[in-house]
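Engineer: Read in order, the letters of the sequence shown are residues -23 to -1, 1 to 112 in mature numbering (1 follows the signal peptide of the UniProt record, and there is no 0). The beta carbon of each residue, even a glycine, is placed where N, CA and C say it ideally should be. Please read all numbers here as calculations on a predicted model, not as lab measurements. I am attaching a structure below and will ask some questions about it afterwards.
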Amino acid sequence: MRRGVRARAGAIASVLAAAWAVAGCGAADSGHARKADPPAGRSASPSPRVTSDEDLCTRIVGHWSRELLDGRGYGDYQSMGLSGGQYDILREVVDSARAARRQGTADVSKLIDREAREGCAAWYRSGGPGTEPWR
């Protein structure tokens, strides 16, 4: 008889331990699990938004246009991380920016941004890079 009492007491203790562990997962009287705190030094902000292909093209063409215009550009389109189509846009943007500078335009940054955006938008409207890196 004593063995049955011990088995029953062990079963009750196991059930109580499991209930206690489950109850500890939520805030008091909330009925829901508690949200985990973010790791130290990190905020609970949402993930950053995804940059569209067109926006990425505009940014990279704008960046390299400024580098080339200031004489800091180097290498070919592949070393810049550009496709052939993006490099074509880059050359057109740099040519326009150089012409604007020769005419006395002090700030060609807006021109670069506008022409890069327009060039990339037109390029993606017509199909974008395709599967070959030189497109």
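#1: So for Val27, helix, strand or coil by DSSP?
#2: Just to confirm my understanding: we take Ile89, look at its own chain, exclude 5 residues before and 5 after, and list those with CB closer than 7 angstroms. What are they?
#3: Buried or exposed: which applies to Gly52, given that a residue is buried once 16 or more other Cβ atoms fall within 10 Å of its Cβ?
#4: Could you check which residue in Ser103, Gly96 and Asp84 has the C-alpha nearest to that of Asp32?
#5: Kindly indicate which three-state DSSP category Tyr101 falls into: helix, strand or coil?
#6: On the three-state DSSP scale, how would you describe Thr35?
#7: Does the distance from the C-beta atom of Gly61 to that of Tyr54 stay below 8 angstroms?
#8: First and last residue of the alpha helix (DSSP H) that includes Leu67?
#9: Whose CA, out of Ser56, Gln80 and Thr35, lies closest to the CA of Trp100?
#10: Do Val85 and Ala93 have their CB atoms nearer than 8 angstroms?
#11: Spatial neighbours of Met57 within its chain, please: CB distance less than 7 angstroms, with the 5 preceding and 5 following residues excluded, ordered by chain position.
#12: Tell me which residues share the same chain as Leu46 and place their Cβ nearer than 8 angstroms to its Cβ, disregarding the 5 neighbours each side in the sequence.
Structural biologist: If we stick to the structure as given:
#1: The three-state reading of DSSP puts Val27 in coil, since its state is none of H, G, I, E or B.
#2: Gly39, Ser42, Arg43, Val70 and Ala74
#3: exposed
#4: Gly96
#5: helix
#6: helix
#7: yes
#8: Gly61 to Arg79 is the extent of the alpha helix (DSSP H) around Leu67.
#9: Thr35
#10: no
#11: Closer than 7 angstroms at Cβ, skipping near neighbours: Trp41.
#12: Val71, Ala74, Arg75, Arg78, Val85 and Ile89
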